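So in the numbering used here, spot 49 of the sequence shown is number 54, and the numbers just go up one at a time. We put the CB at the ideal spot given by N, CA and C, even for glycine. Just so we're clear, the structure is a prediction, and the values are computed from it rather than from any experiment.
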Amino acid sequence: MVKIRLEISYLPGVEDPEATTLHHNLGILGYYSIDKVSMLKVYEMEFSEDEETAKNMAKTIAESILINPVINNYKLIVLGE
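Encoded structure:
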């Protein structure tokens with residue numbers, strides 16, 4: 006069994022509305038020293054395949070279902086077998 010993590014984020018220069026709202030609200034609450042907030046979606050999947058097949062499947066899933074390549078990028082991390 007192979008465990009893979011997909012981390013999905015916005016591309017540089019693309020506005021992250023949830024992070025922008027959180028940053029604004031943190032300022033209202035007095036947390037002025039926070040310069041930047043970013044949001045990251047994380048998916049962990051366990052595959053009953055060999056590592057190479059699992060990586061290819063996770064890549065296909067990310068690129069065809071989970072991300073919009075115009076605004077998102079992703080990182081694929083193999084966590085182990």
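Cβ separation of residue i and residue j, assumed to be a contact under 8 Å, to the nearest whole Å
i: Ala63; j: Met50; result: 6 Å
i: Ile82; j: Arg10; result: 4 Å
i: Asn78; j: Leu16; result: 5 Å
i: Glu57; j: Glu86; result: About 12 Å separates the two Cβ atoms, so there is no contact after all.
Proximity winner among the options, relative to residue i (alpha-carbon distances)
i: Ile13; options: Gly35, Ala67 and Glu86; result: Ala67
i: Ile72; options: Leu34, Val42, Asp55 and Tyr48; result: Tyr48
i: Leu84; options: Pro74, Ser69, Ala59 and Lys46; result: Ala59
i: Asp40; options: His28, Lys80 and Lys46; result: His28
i: Val42; options: Glu54, Asp21 and Pro74; result: Asp21
i: Glu23; options: Phe52, Gly35 and Lys46; result: Lys46
Buried/exposed call for residue i, threshold 16 Cβ in 10 Å
i: Val7; result: buried
Suppose only complete runs of 4+ residues qualify. What are the alpha helix (DSSP H) ranges in the stretch 16-84, listed by chain order?
The DSSP assignment places 22-33 and 56-66 as complete runs of the alpha helix (DSSP H) inside the stretch 16-84, in order along the chain (cut-off: 4 residues).
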